[in-house]
Structures are given as C-alpha cells and as structure tokens.
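FYI, the numbering for the sequence shown is -4 to 169, going by our numbering. C-beta: ideal position from N, C-alpha, C; glycine also. Since this is a predicted model, take the numbers as computed values, not measurements. The structure appears right after this line, and notes come after that.
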Amino acid sequence: YSRAGNHEKSVAIHRQLAARNPDLPEAYNSWVAAATDSGQNRLVLEACQKWNERGKPDWAVLNNCAYGLAVTGGDLTQAETWANQATRLQPQQPNVKDTLGYIYIKQGKFPQAAIIYDGLRQQGLRSASFLLHSGLARAGNGQKQQARLDFEQALQARPAPAVEQEIRKALANL
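Rendered as structure tokens:
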C-alpha cells in the first residue's frame, strides 16, 4: 500500500500487526517505516509512543523513531533523545550514528554532525544517503568543496530516485 501511495492503509495494517505482536520490535519498526513514508510525524510519534509504553528498549526501534521524527519534521529534541538512547544501547552501529548526525544537521548543530561523519568516513561508509548527510554537515560547516565531493560521490553510488533528488538539490544550494 505504501508504494501505491495509500499510506493510511499501510499504517493501519502495521498498527494491527504491532497490536497482534506487541513484544516484537520488528512489528514496530515496520509501523514506524510506514508512518515515516506517510510524511506525517504524528503517525511516527504514535507508533514510537506505543513501543516505548512497552518499557523494553530496542536500539533499532529507537533509531527508526528518531529518524522518522527528523524526516517528517517532528520534535527534534525528542528525536535527539531517542537517538542518544539508541547510541547508548548500540554505540558501534553506524546507522545509529548516522541518525544522530542527521538530527544534528536538522538542528543546525553542524560541528557536532561533522565530528560524527568524520568518524563514520574513517570506517569506510560510502552509501549514497551517508554521503548526502556527510555533505550536508560539511556544507553547514562551511566546507563547500568537501561537501561537493561528498555529493558527487553520492551520485556515483547510484542512489534511489528520492535520494538523488535530495543530492542534486543540495549541490544546487552550494
């Protein structure tokens, strides 16, 4: 349903799956993903609050909740809190660090984001979305030439169409 653009139906199905499997983090991850695809932060928040009511911290759910809020324009303070909780649970997970860095970018905390992306770059991460985020952090820090290199490498990584559009927009804004 999400691919067809029927986000409400997709969210409703995932909500039901989570209700049937209330202790299964994967059910909530799917619900959060469907809610994020809808672009509605209230739906992301609903799924995340339901999971957090369970009182069973899971780094992946917390990370996806944080990213979902950041992407949909939700409460960035809450997103940062969840990203930090995920980081404490799984400090070596690159996706968790990427989420925290992305939230810092959205908050305008470019120096903090740059530190995260410098560390991830040293780990050899080269996905298109990582390079996009790294470039945004560098651009926000005034490192336009390095940002351009990140964006160009991101385009060479054959990103999904939506990510490619974001990269091209970021390049145009340099």
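**OP:** Tell me where the alpha helix (DSSP H) around Lys45 begins and ends.
**Re:** Asn36 to Glu48
**OP:** Kindly indicate the opening and closing residues of the alpha helix (DSSP H) around Thr72.
**Re:** Leu71 to Leu84
Original post:
With 16 other CB atoms within 10 Å as the buried threshold, where does Glu161 fall?
Top reply: buried
Original post:
Alpha carbon to alpha carbon, what distance is there between Cys60 and Gly135?
Top reply: Cα-Cα distance, rounded: 24 Å.
Original post:
Helix, strand or coil for Tyr(-4) per DSSP?
Top reply: Reliability of the predicted coordinates at Tyr(-4) is poor, the pLDDT of 47 falling under 50, and the value obtained from them is presented with this limitation in mind. In this structure, Tyr(-4) counts as coil in the three-state DSSP scheme.
**OP:** Rounded to whole angstroms, what's the CA-CA distance from Phe125 to Arg15? Just pull it up for me.
**Re:** 34 Å
Subject >> At least 3 beta-carbon pairs within less than 8 Å: the segment 71 to 84 vs the segment 107 to 118 >> reply: no
Original post:
Roughly how far, in whole angstroms, is the beta-carbon of Gly63 from the beta-carbon of Ala30, given that I think they are within contact range, below 8 Å?
Top reply: 6 Å
Original post:
Smallest Cα separation from Ala65: which of Arg143, Tyr23 and Thr94?
Top reply: Thr94
Original post:
How many angstroms separate the CA atom of Asn58 from the CA atom of Ala109?
Top reply: 19 Å
**OP:** Can you tell me which of the three DSSP states Gly130 falls into?
**Re:** Helix.
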